[in-house]
Amino acid sequence: MTTPGEEMHALVERLYPLCRSITGDGVRATLDIVGEYVPLRVHEVPTGTQVLDWTVPQEWNIRDAYIADGSGRRVVDFAASSLHVLGYSVPVSARMPLAQLREHLHTLPEHPSWVPYRTSYYKPEWGFCLSQETLDAMPDGEYEVCVDSTLADGHLTYAEHVVPGQVADEVIVSCHVCHPSLANDNLAGIAVAVFLARALAERTPYYTYRFLFAPGTIGAITWLARNAERVERVAHGLVLACAGDPGRLTYKQSRRGDAEIDRVLAHVLTASGRPHHITEFTPYGYDERQFCSPGFDLGVGSLSRTPYAGYPEYHTSADNPDFVSPEAMADTLAVCREAFAVLDRNRRYVNLSPYGEPQLGRRGLYDSLGGRSDAKQAQMAMLWVLSLSDGEHTLLDVAERSGLPFDTVAAAADALRDAELIKA
Amino acid sequence: MTTPGEEMHALVERLYPLCRSITGDGVRATLDIVGEYVPLRVHEVPTGTQVLDWTVPQEWNIRDAYIADGSGRRVVDFAASSLHVLGYSVPVSARMPLAQLREHLHTLPEHPSWVPYRTSYYKPEWGFCLSQETLDAMPDGEYEVCVDSTLADGHLTYAEHVVPGQVADEVIVSCHVCHPSLANDNLAGIAVAVFLARALAERTPYYTYRFLFAPGTIGAITWLARNAERVERVAHGLVLACAGDPGRLTYKQSRRGDAEIDRVLAHVLTASGRPHHITEFTPYGYDERQFCSPGFDLGVGSLSRTPYAGYPEYHTSADNPDFVSPEAMADTLAVCREAFAVLDRNRRYVNLSPYGEPQLGRRGLYDSLGGRSDAKQAQMAMLWVLSLSDGEHTLLDVAERSGLPFDTVAAAADALRDAELIKA
Amino acid sequence: MTTPGEEMHALVERLYPLCRSITGDGVRATLDIVGEYVPLRVHEVPTGTQVLDWTVPQEWNIRDAYIADGSGRRVVDFAASSLHVLGYSVPVSARMPLAQLREHLHTLPEHPSWVPYRTSYYKPEWGFCLSQETLDAMPDGEYEVCVDSTLADGHLTYAEHVVPGQVADEVIVSCHVCHPSLANDNLAGIAVAVFLARALAERTPYYTYRFLFAPGTIGAITWLARNAERVERVAHGLVLACAGDPGRLTYKQSRRGDAEIDRVLAHVLTASGRPHHITEFTPYGYDERQFCSPGFDLGVGSLSRTPYAGYPEYHTSADNPDFVSPEAMADTLAVCREAFAVLDRNRRYVNLSPYGEPQLGRRGLYDSLGGRSDAKQAQMAMLWVLSLSDGEHTLLDVAERSGLPFDTVAAAADALRDAELIKA
């Protein structure tokens, strides 16, 4: 028996070797694998398409890349790790002395055994990333360099998976699929999204949940540009990233700061007793930058464990599958499920008998509770729901003001709704 | 010479033996005694009358009740304490073994010498309340049980006392009169209300003060149902309960949380230096539940010493006249008087000379202060009242923002009003 | 080379000997000297003119005043200090024994070597202020007293200096010129105002800055009465007083408490790391009392070092030029300049590309930053400005929410405005 955590970790390991970028076959191969878990609708958007203030760039593909020494031995080889080549590197095939080659080499002197992750999407460059130790071991002399890549008109690829709900209002869950062999950033986020989608589909949720697997920045911008009408139906959203490292959970608020998703995540993280951080919105990070840009200003927050750039392994070869654990991903998944369970039941009700307390006893709402060990709490929850059901307060407000568990409050609301004492 | 505290305590002792319930002659006898102190208008509402979501129940009266052992000796006797019979107990006359009788007996094992207070208003039951010690001393065997009660169509009884004010806007002061031999809950509340009414009548107050002596829940609901138009004139209100125990004062806010009565009580309790608690509204407690139900949402708070269920003697025979003291009741009364003195003088004024400071000197407002030891404070109070008299701020706002005593602020406002520099 | 601090101190020393009051030639002589530094428009308002609730009083001038002992020796002499005579003292020429004279003498027993400052503007009195030591040394016997003053119809004098800005909206900077030989209160304030005006004129500011040199209370009231239309253009203001003592800076908020000037001063004082106090508005103090009266309710705060009456030297001969330092005045001046630099650049912008992030790279806004050491901060500032430029947030909001320096934020806004990505 494998646990969901182990299954997520296995997915991370499958996706890890692929060379993803903001376009290209690495993204397609990734979506093929994700599509084995949940059905995807894949979109291909041609190079040159105007998307908001941006233009879809040329597609980048790479077959091989290496640095070979005088003896022909590959001292740096793309086949060993997709990180070794500068992302979006232009093709090159040349011989040059080490001194000249050095201008195209990226290392991390402070972590001499690690390979950095570098890109140059919008400025034509070629380059290699390697460990400082490898570089130090390279004698002076001539080297052969080869990047067998193509930059040509093609497409930008992204995919959607939808869990239909009872209403057309949508919750968007977004994760970036453009990083190559980096596990926490963002294969763990992809894995949690996939298993979250499967969990939500177990019963029809209230909201329609739309999962977006797209390259960072340009992918979210492309989706927003092509879904102007749908955006108006996005009631809430969550960007998933860095979902598997050993650190505590971090929720970054939407730009609004008091959106319902912000309140739900704060409530769930606090009520669960998990150590966590809540941070205010900043216009830097992942695709919440686009969803929360002032023209959209959506209620979209971001859930991660240690946030981007907050751990030394960030954007290095040390962010490998060993860095993420089944337990951490399972914990991130559990919080997502708890949060969406609250979000899905959170309503504003109106008390239909608002003058004085309605007589609960004759409706069996006291009797039916009498035998239960949590009767007192259930009764208090009904009084609180009745008191605050004025069209202004949500059930989450009731839970927070009363100090009662959200589930107890929601169950009380269900009982009162069934007794026609409140209506949504 | 008796103090008001001693007079209130004497009233508690007179009322203590009566068997009150939500209806019946015990309530009437109670109101007869209260009527000796302040004139009452007594209302009788027939059984079956619809009142909001409720129906006035049958009237309950009881003449005798006991458990007698095989020798005919009464081991539990209603004549000794009105607590011994389950409130609203249906009549019974039977013989049964102790094992069967036990299902109808209520004790407090954790306080073996105390008798609990129990009721069953809306589910037909019979039963006795007794001390654990008494129960432990009852040998097995046959017992005779008798509850000589009647449950029949009749009336619900409540009373009003009004202190007419300068304006028709009302302050409602409510206390429940449905608890049998329990001193703090709520004979002390009744006593404080009575002496508060007498104190308010010493000079015509600004508001009209309406005192309501009614059974808990159903009494308040009945009053609200029969006074739909008057409710619109209820500007403020206070529910008095548990007014005589040795604990510190507790003010429970109205549902609004920022109603004027909430601010006044917080100000008076703080300014007086008394140790106290301020608690947020909860939809449980006394009749503030009804006045603050969302359809009414009145500015009605609740003043008590130790709140309901917050002391071990609550709803037991230990809540007897020894548990309440003249000093505690006098202190509760004093806070009510201080609070209503503030409430009665609290106004929003408009500065009639709002451009720059008016020249107070030529109006004698500086000179007249020159010889007084509090001249500086009085002068500052005038400047503060002028500054904040913009139609938005009340004198209580002025007192809180300036840190000056409310009385000083109100006196300054009187002087400025007399000089025609401000108007209400 | 003299520093601005030394120049301000030199101005204080020049102004110190003059006998200023709320009217009279001392004010005119003061304005003559100020006029050597910045051009002034001097206003003369006749005695009897109605100004708001007040009337311009008679003009007071004084040529000589003394107390001479039996030998004709002057034991108290106005020529030694303008403080020796009660402000607005009516003329007197008489001989009287010490016992009778004492009723007209003012001393400070707790500081026996200091001379107090006393006035009687609106009640006709004569009197002398002297040190307790001087009084103690005066033997019983006859004394000659002389106050050679005149109280007669004349004028109230005040002056304005304007630094024209790009817009007609005004910032008013006000300081009182009615105190005689007192250095901190308010010659230091006058000196800071003068050098602030000169600094602002170095380049055309955004706002038009109006400096008001007027007697306290009646001067501000007179200006307000005569400038009803201009008041509507007063966007912000600052009253300067007690600007040179060794204490930490104190900013007293406007009556509004959240006016832009309040936020700017709090930001600048905090961001600069200076120890400081922020105090809430009170309707006592200097001419903020008039500007913030509820009919005007202008966004005018007050900047001082130790506030009025907060230091023992206040209103005594110990508030002399030794009490104020070039360094303290230079520090006050610096804060004013920093604050007005923020105020002048603080704008609400609207993002013209609010849907997703605009592509900064193709506009050269990334490239141009690449080589700068503060590139990261400049880039973050652009993202923050874009994010919050929704017409609601000012650049100060951006600085405070982002934690970035205001200058960095304002520079980012300039770059974005030049790229036509935002507009004011």
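So the sequence lines, in the order shown, correspond to chains A, B and C. Everything in the first sequence is counted per my numbering, starting at 32 for the first residue and increasing by one. Everything in the second sequence is counted per my numbering, starting at 32 for the first residue and increasing by one. Everything in the third sequence is counted per my numbering, starting at 32 for the first residue and increasing by one. Just so you know, even glycine gets a beta-carbon here, dropped at the ideal spot from N, CA and C.
Chain E within 8 Å of Q81/C, Cβ atoms only: Considering every chain present, this structure includes no chain E. Its protein chains are A, B and C.
Beta-carbon neighbours of P389/C, restricted to chain A and to distances below 7 Å: Walking along the third sequence from the start, residue 389/C turns up at place 358. The contacting residues are D84.
8 Å Cβ shell around P195/B - same chain, five flanking residues per side excluded: Position 164 of the second sequence, counted from the first residue, corresponds to residue 195/B. Counting only Cβ-Cβ distances below 8 Å, and skipping sequence neighbours, we find T235 and T239.
6 Å Cβ shell around A125/B - same chain, five flanking residues per side excluded: The count along the second sequence starts at 1 and reaches residue 125/B at position 94. In the same chain as A125/B, and ignoring 5 residues on each side of it, the C-beta atoms closer than 6 Å to its own belong to V176, in chain order.
G316/B versus G247/B - alpha carbon distance: Taking the second sequence and counting its residues from 1, the one referred to as residue 316/B is at position 285. Taking the second sequence and counting its residues from 1, the one referred to as residue 247/B is at position 216. Their backbone Cα atoms lie some 10 Å apart in a straight line.
Touching by the beta-carbon criterion (3+ pairs, under 8 Å), the stretch 240 to 259 of chain A and the stretch 279 to 297 of chain A: Touching, no, given that fewer than three Cβ pairs across the two stretches are closer than 8 Å.
Contiguous beta strand (DSSP E) assignments of at least 3 residues, all confined to the stretch 266 to 332 of chain C: Fully enclosed beta strand (DSSP E) runs of 3 or longer: 280 to 283 and 307 to 310.
Which of helix, strand or coil DSSP assigns to R59/A: Indexing the first sequence from 1 puts residue 59/A at position 28. Of the three classes helix, strand and coil, the one that applies to R59/A here is helix, per DSSP.
Where S333/A meets chain C, residues with beta-carbon distance less than 9 Å: Reading the first sequence from its first residue, position 302 is the one you call residue 333/A. Here the premise fails: no neighbours, minimum Cβ distance about 14 Å.
For V43/B and A219/B, the rounded distance between their alpha carbons: Taking the second sequence and counting its residues from 1, one reaches residue 219/B at position 188. Taking the second sequence and counting its residues from 1, one reaches residue 43/B at position 12. A straight line joining the alpha-carbon of A219/B with that of V43/B spans about 6 Å.
Within chain A, partners of A421/C - CB distance below 7 Å: Counting from 1 along the third sequence, the entry for residue 421/C is found at position 390. Before going on, a small fix: residue 421/C reads as Asp here, not Ala. What D421/C touches in chain A: P325.
Cβ-based neighbour list, G401/C, same chain, cut-off 8 Å, excluding 5 preceding and 5 following: Here residue 401/C corresponds to residue number 370 of the third sequence, with the count starting at 1. Because G401/C carries a pLDDT of 42, less than 50, the predicted location of this residue cannot be relied on, and the following value inherits that uncertainty. There are no such residues.
Limits of the alpha helix (DSSP H) - the one that W254/C falls within: As a working mapping, residue 254/C is identified with position 223 in the third sequence. Element bounds for W254/C: I249 to R257.
Proximal residues of chain C, C-beta to C-beta of I252/A below 8 Å: If you number the first sequence from 1, residue 252/A lands on position 221. The answer, in chain order, is G387 and E388.
Buried or exposed by the 16-neighbour rule on C-beta atoms within 10 Å, applied to P357/B: Position 326 of the second sequence, counted from the first residue, corresponds to residue 357/B. P357/B comes out buried.
Minimum C-alpha distance to S180/A - residue among D56/A, Q81/A and Y174/A: Stepping through the first sequence from its first residue, residue 180/A is reached at position 149. Taking the Cα of S180/A as reference, the smallest distance to any Cα among D56/A, Q81/A and Y174/A is reached at D56/A.
Start-to-end residues for the alpha helix (DSSP H) that takes in S384/C: To locate residue 384/C, count along the third sequence from 1; it is residue 353. First-last for S384/C: undefined, no H or E at that position.
Inter-residue spacing [alpha-carbon to alpha-carbon] between V65/B and F244/B: Here residue 65/B refers to the residue found at position 34 of the second sequence. Here residue 244/B refers to the residue found at position 213 of the second sequence. Distance between the alpha carbons of V65/B and F244/B: 9 Å.
3 or more residues per run - each beta strand (DSSP E) lying fully within the stretch 39 to 95 of chain A: Counting whole runs of 3 or more residues, the stretch 39 to 95 of chain A contains the beta strand (DSSP E) stretches 72 to 77.
Host beta strand (DSSP E) of P147/B (start-end): Here the question's residue 147/B lines up with position 116 in the second sequence. P147/B -> no beta strand (DSSP E), and no H or E assigned at all.
Test: G392/B CB closer than 8 Å to a CB of chain C: Sequence index remark: in the second sequence, residue 392/B carries index 361 (1-based). G392/B counts as touching chain C.
Proximity to A199/B [Cα-Cα], best of T188/B, S144/B, H142/B and A266/B: Here residue 199/B is taken as the residue at index 168 of the second sequence, counted from 1. The option with the nearest alpha carbon to A199/B is A266/B.
Three-state secondary structure assigned by DSSP to F242/B: Walking along the second sequence from the start, residue 242/B turns up at place 211. Assignment of F242/B by DSSP, reduced to helix, strand and coil, places it in the strand class.
Within chain C, the residues that L414/B reaches when beta carbons sit closer than 9 Å: Stepping through the second sequence from its first residue, residue 414/B is reached at position 383. Simply T313, P314, Y315 and R320.
Three-pair Cβ contact test at 8 Å for the stretch 342 to 349 of chain B versus the stretch 140 to 150 of chain B: Contact holds: three or more Cβ-Cβ distances are below 8 Å.
T301/B burial status per 10 Å Cβ neighbour count (16 or more: buried): To locate residue 301/B, count along the second sequence from 1; it is residue 270. The residue is exposed, with fewer than 16 neighbouring Cβ atoms inside 10 Å.
Residue-chain proximity (L417/B, chain C), Cβ-Cβ < 8 Å: For the purposes of this step, residue 417/B is taken as the residue at position 386 of the second sequence. Closer than 8 Å to some Cβ of chain C, the Cβ of L417/B qualifies, so yes.
Any chain B beta carbon closer than 8 Å to L243/C: Working through the third sequence from its first residue, we reach residue 243/C at position 212. For L243/C, the answer is no, since every Cβ of chain B falls outside 8 Å of its Cβ.
From R261/C, N217/C, C323/C and R241/C, residue whose alpha carbon lies closest to that of C50/C: Indexing the third sequence from 1 puts residue 50/C at position 19. Ranking R261/C, N217/C, C323/C and R241/C by Cα distance to C50/C puts N217/C first.
Assigned exposure category for Q131/A - 16 Cβ within 10 Å defines buried: Position 100 of the first sequence, counted from the first residue, corresponds to residue 131/A. It is exposed - the Cβ of Q131/A has fewer than 16 other Cβ atoms within 10 Å.
Beta-carbon contacts of R394/A that lie in its chain and below 8 Å, excluding the five residues immediately before and after: What you label residue 394/A is simply residue 363 of the first sequence in a count that begins at 1. These residues qualify, in order along the chain: A450 and L452.
Cut-off 7 Å between Cβ atoms - residues of its own chain near W157/C, not counting five sequence neighbours on either side: Here residue 157/C refers to the residue found at position 126 of the third sequence. Here the set comprises L117, S120, V121, V123, H135 and V178.
Below-8 Å beta-carbon distance, L255/B vs any chain A residue: Residue mapping note: residue 255/B aligns to position 224 of the second sequence, counting from 1. Under the Cβ distance rule, L255/B counts among the residues neighbouring chain A, one pair being separated by less than 8 Å.
Collapsed DSSP secondary structure at C367/A in the structure displayed: The residue labelled residue 367/A in the question sits at position 336 within the first sequence. Helix, per DSSP.
L334/B and L374/B closer than 8 Å at C-beta: Here residue 334/B corresponds to residue number 303 of the second sequence, with the count starting at 1. Here residue 374/B corresponds to residue number 343 of the second sequence, with the count starting at 1. Taking 8 Å as the Cβ cut-off, L334/B and L374/B do not qualify as a contacting pair.
Alpha carbon of D353/B to alpha carbon of R432/C, nearest angstrom: Taking the first residue of the second sequence as 1, we reach residue 353/B at position 322. Taking the first residue of the third sequence as 1, we reach residue 432/C at position 401. When the Cα atoms are used, D353/B and R432/C turn out to be separated by approximately 60 Å.
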